[in-house]
Structure formats: C-alpha cells, structure tokens
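> Here our numbering is used: the first residue of the sequence shown is 980, the next is one more, and so on. Where a beta carbon is used, it is the ideal one built from N, C-alpha and C, also for glycine. None of the values given here were measured: they were computed from a predicted structure. Before I ask anything, let me first share the structure, which is written out below as structure tokens.
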Amino acid sequence: MNNLTEKNNKVFISGEIVSDAEFSHEVYGEGFYEISVMVKRLSGQGDVLPVTVSERLIADKNLQKGITINALGQFRSYNKLVDGKSKLMLTVFVRELLDGVTVKNPNSIVLSGYVCKPPVYRTTPFNREIADILIAVNRSYNKSDYIPCIAWGRNARFAKNIAVGEKIAIVGRIQSREYQKRITDDEIKVMTAYEVSISKLAAYENAENFDAEEEFETLNFTESDYERIYD
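Below, the structure written as structure tokens:
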C-alpha cells in the first residue's frame, strides 16, 4: 500500500476482545478472522467494533475473549448479501498489532475522501445540530471504502453546505449505535450501525488548518512510544 493511501485512512483502537474469533474469508491463501472489540469512551460507555485480522498477525498472539489489544489499521467497507439484499458492512482492518504502548486515546481515526451524496442536516428535539455524511476513501488497486460519518454543532453547519464530489479531511472516532428496525407489524429487530463521529472537519484544500497525521500521533501515543514504533 502506498504512503498516500495509508494517510487517507488510518485507525487506532485499544480495547478488550469480547467475542471468539470467527473465520471470515481467504485471500491468496491467507486467512482472515473477525472479532468484536469493546473500546471504552471517556464517559465510561463502550463501542463494540467489528475487527478483521489476518491469521499471520495472530499466529503468535493469544487473541481470546478478555484480552486487550492495540491495533493500527484502516476502517474499510465491503458489500455482503444479507437476506437477498446487498448490505454495506464496515470493519476495522488490522495492519499491525502493537505491544506495550501507552495510549492517550483508545479510539481515533483520520480520513480524507470525497463526499458521495448530499449531507443530511437536521436538528434534534433539543436543538442539537447533526449532519450525516458519506465519504468515499480511496484504497490501493482502484478500490474505495464508503464510510458513514456524523458531524455535530458547527461541524454540522459546515457540512450541510459541502457539495457532492468535494474532498474533505476529518479526525474523529469510530462509534457503534443500536437502533430498532421494524421487520413486520409484530417484529422489531435491534440492529447496530457503525459510523465515524467527527471531532475536526475541513475542506481538503484547507486541511493544513489541522495536520491529520499530527492529530493521529497526538491522540494516541506518548512521544517515546511513537518514536519506538515508527523509527
């Protein structure tokens, strides 16, 4: 993966494994497994995030329930056939598992990509401003990941005027959110959605207003840890 693409989509999570590893798929003889990881928020609540990891990375790791992992990777999307319909699935794709790091923020993501459809701006009954944004993030081999994002307050006001096709840069965290879906008149199913909660947002040409790479470093690692990992 080239350096430019890597900077377009960079994730760090630190959390507790809360599910057994299940085989997902195989690519060129390399198996990939899915686990669920609980990442705590500052409030004490947690986000349970889907994580995909290669058998190559877990060969010498004890990735059992209750174990804490520190993972660097990307937030990726793929289409899966569910009940005869194509559904957009999201996962944290792990590129590296880190040992012995001290983290300041257990959940952070930096993205840059293109707005896919008009942002949906709305206000809550308590007059909180929200905007939903779907962005396409380029990946190697002419692939793209489609990432739903949510902005709040002044970021939402900024987002509502973003045109389709405009490139933006964001910093935030990945969150899980439960909602109810009516299946029939008598059946309601609890579903889980995943999205990026935006803390900083800029049009890409103004992205120098915040250095996403610097934001990522600052949010996660102490200076000594970052030097040890990347030197």
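Can you give me the start and stop residues for the beta strand (DSSP E) that Asn1084 sits inside?
For the purposes of this step, residue 1084 is taken as the residue at position 105 of the sequence shown. No beta strand (DSSP E) contains Asn1084, which DSSP labels as neither H nor E.
> For Val1213 versus Gly1052, is the C-beta distance shorter than 8 angstroms?
Here the chain comprises residues numbered 980 to 1210, so residue 1213 is not present and cannot be evaluated.
> Is it buried or exposed for Leu1105, if we count other Cβ within 10 angstroms and need 16 for buried?
On the sequence shown, position 126 is the one that residue 1105 refers to. The question names Leu, yet the displayed sequence has Phe at residue 1105. So Phe1105 ends up on the exposed side.
> Using CA coordinates, which residue listed in Glu1157, Ile1149, Val1143, Lys1040 is at the minimum distance from Leu1076?
Along the sequence shown, one-based indexing puts residue 1076 at 97. Answer by Cα proximity: Lys1040.
> Quick check on DSSP: helix, strand or coil for Glu1166?
If you number the sequence shown from 1, residue 1166 lands on position 187. Reduced to three states, the DSSP call for Glu1166 is coil.
> Please state whether the Cβ-Cβ distance between Tyr1173 and Leu1028 is less than 8 angstroms.
If you number the sequence shown from 1, residue 1173 lands on position 194. If you number the sequence shown from 1, residue 1028 lands on position 49. Cβ atoms of Tyr1173 and Leu1028: closer than 8 angstroms.
> Where Ser1178 and Ser993 are concerned, what is the direct C-alpha to C-alpha distance, given to the nearest angstrom?
For the purposes of this step, residue 1178 is taken as residue 199 along the sequence shown, with counting starting at 1. For the purposes of this step, residue 993 is taken as residue 14 along the sequence shown, with counting starting at 1. Taking the straight line from one Cα to the other gives about 19 angstroms.
> Give the DSSP-derived three-state secondary structure of Gly1063 in the structure shown.
Taking the sequence shown and counting its residues from 1, one reaches residue 1063 at position 84. Three-state DSSP puts Gly1063 in coil, outside helix and strand.
> Tell me where the alpha helix (DSSP H) around Glu1034 begins and ends.
As a first step, residue 1034 is located in the sequence shown; it is residue number 55 there, counting from the start. 1034–1037 is the extent of the alpha helix (DSSP H) around Glu1034.
> Take Glu1157 and list the residues in its own chain whose beta-carbon comes closer than 6 angstroms to its own, dropping the five residues that flank it on each side.
As a working note, residue 1157 is residue 178 in the sequence shown. So the list reads Val1169, Thr1171, once near-sequence residues are dropped.
> When you compare each of Leu1042, Val1116, Val1150 to Ile1129 by their alpha carbons, which one comes out closest?
Taking the sequence shown and counting its residues from 1, the one referred to as residue 1129 is at position 150. Answer by Cα proximity: Val1150.
> At the level of alpha carbons, what is the spacing between Glu1034 and Arg1107?
By one-based count along the sequence shown, residue 1034 stands at place 55. By one-based count along the sequence shown, residue 1107 stands at place 128. Roughly 44 angstroms between the two C-alpha positions.
> How far does the alpha helix (DSSP H) with Asn1134 in it reach, from first residue to last?
Translated into positions along the sequence shown, residue 1134 becomes position 155. Segment 1132–1138, the alpha helix (DSSP H) holding Asn1134.
> Short of 6 angstroms in beta carbon distance, which residues of its chain neighbour Glu995, apart from the five on each side in sequence? Order them along the chain.
Within the sequence shown, residue 995 is the residue found at index 16, counting from 1. These residues qualify, in order along the chain: Met1017, Thr1047.
> Assign Thr1070 to buried or exposed, taking buried as 16 or more other Cβ atoms, counted over all protein chains shown, within 10 Å of its Cβ.
Here residue 1070 refers to the residue found at position 91 when the sequence shown is read from its first residue. Per the 10 Å Cβ criterion, buried.
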